[in-house]
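Asker:
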Amino acid sequence: MPALGLLGAATFAPPARSGGADAIALVVLLTQFAMLRAPLARSQVRLYAWQSTAVSALAIFLASTRHAPDLYALAALSFSLKAVLVPRVVLRLLRDAPADVATSSRLGVATTVLVALALSVFGFFVVGRVPIGGGSLPAPALGMAAAVVLVAFLLAVVRADVVSQAVGFFSLENGVSVAGLVVASGLPLLVEVAFLFDLLAAAVAFGILMRAHHSRAKTLSADVLGRLRG
Amino acid sequence: MSWDLFAVAIVPVAAAVACWLVPPSAGRALTVTSGAASFALTLLLVPASSVTAAGGWLRVDALSTVFLVAVSFLYAATGLFALGYLRPAGHRDARARYSRRFFAGLNLFAWSMSMALVVNELALLWVAIEVTTVVSALLVAIDETDVATEAAWKYLLLASMGLGVALLATVVMYDAGSVVLGGSYDLFYPKLLAAAGRFPAQAVRLSFVLALLGYGTKMGLVPMHTWLPDAHSEAPTPVSALLSGSLLAVSFYAILRFYQIAVRAIGPAFPRGALLAFGVASLGLAALYLAGQRDLKRLLAYSSIEHMGVLAVGMSFGAPVAVVGVLLHVLAHAAAKGTAFFGAGSVLRKFGTKDMTRIRGGLGALPWSGPMLVLAVLGLCALPPSGIFRSEFLIVSGGFGDPADAATAVLVVLVTLASLGLTWHASQTMLEATPGGVVPGETSRLIVAAMLVGLVALTLLGLHPPGQLSDLLTRAARELGSGT
Amino acid sequence: MAVDLAPVEIQALQVLTIAACAPLVSGAIAHLEARLQGRRGPRILQPYYDLSKLFHKETLIPADASWAFVVGPLLAFTCYLVVPLLIPVLTAYPLPFGYLGDILGGGFILGLAGFALAVAAAETGSPYAQLGSSRAMSFGALIEPSILFVTFTVALVTTTDLPYFEAAAARASLGQALRPAHLLAAIAFFLVVLSDTGRIPVETHTGTLEFGMIDEARTLEHSGPLLALARWGSAMKQLILYTILVDVFAAPWGLAGTTALGAVLVAIPVLLAKALGVGAIFAVLDNSFSKLRLFKITEFMAGAFLVAVLAVLALYLGGG
């Protein structure tokens, strides 16, 4: 019977409009993995900018297929905030930093990749078990959003520098945005705009603290953040 | 009555803006006035069963009023305390800038916490709590020392990532609701609660777990608590008081909102089990760590983790008596923890250090705030007639009524363990003779006044809670049950 | 007047197309790369002139080499002639020889070709040739898991292993072409092609920097017609991999749907155009990135593996 089920899963093709959403969500997931493996802090931030662009593209795509004109405004706002403003804020801080090579991850390359894979599997699995969207087949995009969230956690944990940790947080928000767009694009525009400005405020706070950390500790590494214990 | 609610939402942010613009001396007075006004306005809301304003976007029912009382009380008391406590360093311009930023931030912090309690919508609740995170992280870092920056960074990072998970929880809950309420709707509480019985079970389960993980990070539940001791100890003391006394409670409130929906959708067993697991873990870890602390404010921070564990465990018992106890505990903890932090601030001003191995003879050195600190700490250890004694008594009696007695026994044992640690440290620092180099005398009368206010509130809650307050607690407990 | 071709003729035409157009694709890519760098670059037909020049030169064989030295390039070339029989080059429907081997079979034959060349290089006793062959074998082994998972994805989607059916599935609807598993498999295969044809960031295709050479080093000791066959074979391998990439994963359109001569003939320039498109992408990549250090190539392989595994996982668990 599992073979039959697999057969059913294999030949079933999602409709074209959800296919587009899944393809864009895939780009978001791949940029997340690339962020995990990017050696330079600058490239991490640029990948985050690309990821935010993909999220805005998803918003535009959903706006056209679900006929929700609010989402166009949301896409424009989210693009200008997340793809332009936030990366610019972070890159400006990085310009003052002495070294822009992010520290290598605490685990080795192979281990990181395997752990990231395991987390993605877990994300897919959890979403697959929960009937979202009224009981129809789970959208792959939602599983990918869950995977993005989990890999963002991994990024923040495994890399020992403040930029990676901040980028981990921002990309986590991107993952949740994808989930929100796919599932809850009917949320009123007011609420979505509030989300975005909230993210901007958080980005400003992150920027301020990163700058403070850098000016005090003269390094972007988070290894020095171990003084408070017990 | 809706003007009242509106005022509660407006007054603190107006004060924050004003503090930014007017000279710092006026800003200080403004903060205290705003705090007192908010508290008075909140007390006016207590008798009402539910108040709506702004077209349904702002709404308080009994549950939110309970937490609002806790938040606004501590807002008022902390304003008074900060007036006496704050001594920024440096020359005049730096001092003025620091005061301005501090008081504006304090008002903004209190405003965001109040907003989280009065908005009627699940998504705006998230936005408000995210604002509290941002504002409080900047306040933690305001002293600009190495350790303060480190603590603020850890706090902001962990709390924000936790809130990201909480946002996912909101999205999943929205999706669960869309089965019943259609593809596009607002997440108003009354609508959600009315329809919750028909939500799909698996989705609500996932949403509740995610909410517990996400908002639990901000509440300080183990194992997501690692930011808490650092942030609460390195922040300026008024901010620590608000963080421990109010913000943790607001995060608990968010969890309770999800709990309300979950109980109606999937029944009480699963949510209570989850709360019990996290609660016992928090209690256990805090009880163990309390004994080995060296830093006074860190000690109080671990005590906060312990009390949050008590709240979670109490909620998991389910009996109405226990729920009333939990809500009373929120109020009593705000009063007790606030007073304790005020006392810690007084000690810090006197002795110049937070290191408990270097503080001896506090009772002699601080003739007023010393004994009051001891009373507050004993109150935290649930000694009568403190409000905490009454609330933990209610929780335990609710637990023993339950067939599962084991959890209650564990609760009692761990709370006793925690109080042992607290009392030991308190006696070490407070009793014994004052060392020669310390001049006895209070550093500020306002600090004493603030502590007195807190102690009076704590004792009142323990001896005889006002009738209307008890009514409020009972109504809120009913709202949390499977009824309305 | 529609002339219908017999299936055997179409198959022969497939092999001929690959063999004849392979040097053209190589030359076009080299020319494009030079243009992107601001140089005038070699003529597009230069590889043909190179091959004819090499066929006229004499063959030198190292003293200690055995028959494997001569057989290697010959065997490789033969394999490269066989593989076009198995994959959809010109037609959308499976041809009789197409059932000879599936994707795995095609992979084995390509592997055999690589093995023959590696043995031939090892025969020579020259340090650089042996270095190249050992490196090629190791990195080839590292990219194998990705190829396997791509094969698994194809097999899971179509429940057969034949590349024709995967192409048909992708052609069926836009939704099917955009499903995550298909896209991920395409990306993984793109990375596999990148590593198998020796492009940046794995190896520099131009120039002979000994410390970085992998595939180029294997044929260092060959000369004359043997070298011509080896070069031609590697160009054919490149075109074969491009063909699999476009005709099975990325752009399976424009293939002949019937046996009409006109349709089949039209399919040839369409294939060339698609292959040149892929080549252009590779040329741009060549000029945009730098070569990875040898030990970092394993990280690249890990990335390709990640994408390939994700393709299977997306299918199993992601519902797509």
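Residue numbers (my numbering), protein chains in the order written: chain P, 1 to 230; chain C, 1 to 484; chain Y, 1 to 320.
For glycine and all other residues, C-beta sits at the position ideal for the given N, C-alpha and C.
1) Compare the C-beta of A110/P against all C-beta atoms of chain Y and say whether one is closer than 8 Å.
2) Select from T160/Y, A251/Y, S234/Y, T243/Y the residue whose C-alpha is nearest the C-alpha of G198/Y.
3) Can you name the start and end residues of the alpha helix (DSSP H) that L58/C belongs to?
4) May I have the straight-line CA-CA distance separating G401/C from L91/P, to the nearest angstrom?
5) Check distances from the C-beta atoms of the segment 80 to 99 of chain Y to those of chain P and list, in chain order, the residues that come in under 9 Å.
6) Got a sec? Which residues, its chain only, sit under 7 Å from V8/Y by beta carbon, not counting five neighbours each side?
7) Determine the chain D residues that contact V171/C at a beta-carbon separation under 8 Å, and present them in chain order.
8) Of the residues that make up the segment 338 to 371 of chain C, which ones have a beta carbon closer than 8 Å to any beta carbon in chain P?
9) How would you write the range of the beta strand (DSSP E) that A53/C sits in, first residue to last?
10) Quick check on the burial criterion: 16 or more other C-beta atoms within 10 angstroms. Buried or exposed for S136/P?
11) Let me confirm a value: L16/Y is counted as buried when at least 16 other C-beta atoms fall within 10 Å, else exposed. Which label applies?
12) Under a Cβ-count criterion, where at least 16 other Cβ atoms within 10 Å of its own Cβ denotes burial, should S290/Y be classed as buried or exposed?
13) Going by Cα to Cα distance, which pick from M213/Y, G27/Y, E58/Y, Q37/Y is closest to I44/Y?
14) Between which residues of its own chain and A314/Y is the CB-CB distance below 7 Å, once the five residues before and five after are set aside?
15) If you measure beta-carbon to beta-carbon, which residues of the segment 299 to 316 of chain Y are closer than 9 Å to chain P?
16) Rounded to whole angstroms, what is the Cα-Cα separation between G134/P and V263/C?
17) For my contact list, G340/C and A312/C are in at a C-beta cut-off of 8 Å; report their separation, rounded to the angstrom.
18) Pick from N107/C, V51/C, G364/C, R101/C: whose alpha carbon is nearest that of A14/C?
19) Quick one: Cα of Q14/Y to Cα of P269/Y, how far?
20) Curious, which full-length beta strand (DSSP E) runs of at least 3 residues does the segment 387 to 411 of chain C contain?
21) Measure the CB-CB distance between V118/C and L5/C and report whether it falls below 8 Å.
22) Might you give, ordered along the chain, the residues of its own chain that have their beta carbon closer than 6 Å to the beta carbon of P24/C, omitting 5 neighbours on each side?
23) Could you work out which residues of chain C lie near V130/P, taking near to mean beta carbons separated by less than 7 Å?
24) So what does DSSP say about A92/Y, is it helix, strand or coil?
25) Can you look up L40/P in the DSSP assignment and give me helix, strand or coil?
26) What does DSSP give as the partner residues of V439/C in its beta bridges?
27) Here's the rule I'm using: 16 or more other beta-carbon atoms within 10 Å means buried, otherwise exposed. How should T91/Y be labelled?
28) Would you mind sorting L463/C into buried or exposed? The rule is 16 or more other CB atoms within 10 Å of its CB.
29) Which word fits D161/P, buried or exposed, when buried means at least 16 other C-beta atoms lie within 10 angstroms of its C-beta?
30) At what residue ranges does the segment 77 to 131 of chain P contain a whole run of the alpha helix (DSSP H), taking only runs of 4 or more?
31) Does the distance from the CB of S386/C to the CB of A332/C come in under 8 Å?
32) If you draw a straight line from the alpha carbon of P489/C to that of F102/C, how long is it in whole angstroms?
33) Could you round the C-beta distance between V309/Y and L117/P to whole angstroms and report it? I think they count as a contact, below 8 Å.
34) Thinking C-alpha only, which one of A406/C, V171/C, L458/C, L242/C is nearest A82/C?
35) Compare the Cα-Cα distances from A280/Y to each of T124/Y, I10/Y, I29/Y, L191/Y and report the closest residue.
36) At a CB-CB cut-off below 7 Å, which residues of chain C make contact with Q165/P?
Answerer: Reading off the structure:
1) Residue mapping note: residue 110/P aligns to position 110 of the first sequence, counting from 1. Answer yes: the Cβ-Cβ gap between A110/P and chain Y drops below 8 Å somewhere.
2) On the third sequence, position 198 is the one that residue 198/Y refers to. Of the candidates T160/Y, A251/Y, S234/Y, T243/Y, the one whose C-alpha sits nearest the C-alpha of G198/Y is S234/Y.
3) As a position in the second sequence, residue 58/C is number 58, starting the count at 1. Careful: L58/C lies outside any alpha helix (DSSP H), inside the beta strand (DSSP E) at 58 to 61.
4) For the purposes of this step, residue 401/C is identified with residue 401 of the second sequence, where counting begins at 1. For the purposes of this step, residue 91/P is identified with residue 91 of the first sequence, where counting begins at 1. G401/C and L91/P: Cα-Cα distance of roughly 59 Å.
5) none
6) Here residue 8/Y is taken as the residue at index 8 of the third sequence, counted from 1. Nothing meets the Cβ criterion.
7) Among the protein chains of the structure shown, namely P, C and Y, there is no chain D.
8) none
9) Within the second sequence, numbered from 1, the residue matching residue 53/C stands at position 53. Per DSSP, A53/C belongs to the beta strand (DSSP E) from 50 to 53.
10) The residue given as residue 136/P occupies position 136 in the first sequence. For S136/P, the predicted structure reports a pLDDT of 43, less than 50, and the residue's modelled location is therefore unreliable. The matter cannot be settled from this model.
11) Numbered from 1 along the third sequence, position 16 holds the residue referred to as residue 16/Y. When all chains shown are included, L16/Y counts as exposed.
12) Taking the first residue of the third sequence as 1, we reach residue 290/Y at position 290. It is exposed - the Cβ of S290/Y has fewer than 16 other Cβ atoms within 10 Å.
13) Taking the first residue of the third sequence as 1, we reach residue 44/Y at position 44. Looking at the Cα atoms, G27/Y is the closest of the given residues.
14) In the third sequence, counting from the first residue as 1, residue 314/Y sits at position 314. Closer than 7 Å at the Cβ level, and outside the excluded window around A314/Y, lie P180, A181, L184, G320.
15) Residues are counted here when their Cβ sits less than 9 Å from a Cβ of chain P; for the segment 299 to 316 of chain Y these are E299, A302, G303, F305, L306, V307, V309, L310, L313, A314, L315, Y316, given in chain order.
16) Here residue 134/P refers to the residue found at position 134 of the first sequence. Here residue 263/C refers to the residue found at position 263 of the second sequence. Residue confidence for G134/P is low, a pLDDT of 44 falling below 50, so the modelled location carries little weight; the figure read from the coordinates is stated next. Approximately 20 Å, taken between the alpha carbons.
17) Taking the second sequence and counting its residues from 1, one reaches residue 340/C at position 340. Taking the second sequence and counting its residues from 1, one reaches residue 312/C at position 312. Note on identity: in this sequence residue 340/C is Ala, with Gly being the wrong assignment. About 21 Å; that fails the 8 Å criterion.
18) As a working note, residue 14/C is residue 14 in the second sequence. A14/C has its Cα closest to that of N107/C, out of N107/C, V51/C, G364/C, R101/C.
19) By one-based count along the third sequence, residue 14/Y stands at place 14. By one-based count along the third sequence, residue 269/Y stands at place 269. The C-alpha of P269/Y is placed about 12 Å away from the C-alpha of Q14/Y.
20) none
21) Counting from 1 along the second sequence, the entry for residue 118/C is found at position 118. Counting from 1 along the second sequence, the entry for residue 5/C is found at position 5. Yes; because the gap between Cβ atoms is below 8 Å, this pair is in contact.
22) Mapped onto the second sequence, residue 24/C falls at position 24. Result list for P24/C: A96, S99, R100, in chain order.
23) Here residue 130/P is taken as the residue at index 130 of the first sequence, counted from 1. By Cβ distance, chain C contributes Q202, A203, L206.
24) Translated into the one-based positions of the third sequence, residue 92/Y becomes position 92. Coil at A92/Y, not helix or strand.
25) Counting from 1 along the first sequence, the entry for residue 40/P is found at position 40. In the structure shown, L40/P sits in a strand (DSSP, three-state: E or B).
26) The residue labelled residue 439/C in the question sits at position 439 within the second sequence. DSSP output for V439/C lists no bridge partner at all.
27) Residue numbering aside, residue 91/Y sits at position 91 when the third sequence is read from its first letter. T91/Y should be labelled buried.
28) If you number the second sequence from 1, residue 463/C lands on position 463. Exposed is the call here.
29) In the first sequence, counting from the first residue as 1, residue 161/P sits at position 161. When all chains shown are included, D161/P counts as buried.
30) Taking only runs of at least 4 residues, the alpha helix (DSSP H) segments lying wholly in the segment 77 to 131 of chain P are 86 to 96, 109 to 129.
31) Indexing the second sequence from 1 puts residue 386/C at position 386. Indexing the second sequence from 1 puts residue 332/C at position 332. Yes, these two residues count as a Cβ contact at 8 Å.
32) The structure shown does not extend to residue 489/C, since chain C is modelled only from 1 to 484, so the question has no answer here.
33) By 1-based counting over the third sequence, the position of residue 309/Y is 309. By 1-based counting over the first sequence, the position of residue 117/P is 117. V309/Y to L117/P, Cβ: 6 Å. Contact.
34) As a first step, residue 82/C must be located in the second sequence, where it is residue number 82. It is L242/C whose Cα lies nearest to the Cα of A82/C.
35) Counted from its first residue, the third sequence places residue 280/Y at position 280. When each option's Cα is compared against that of A280/Y, the closest is I29/Y.
36) As a first step, residue 165/P must be located in the first sequence, where it is residue number 165. In chain order: L157.
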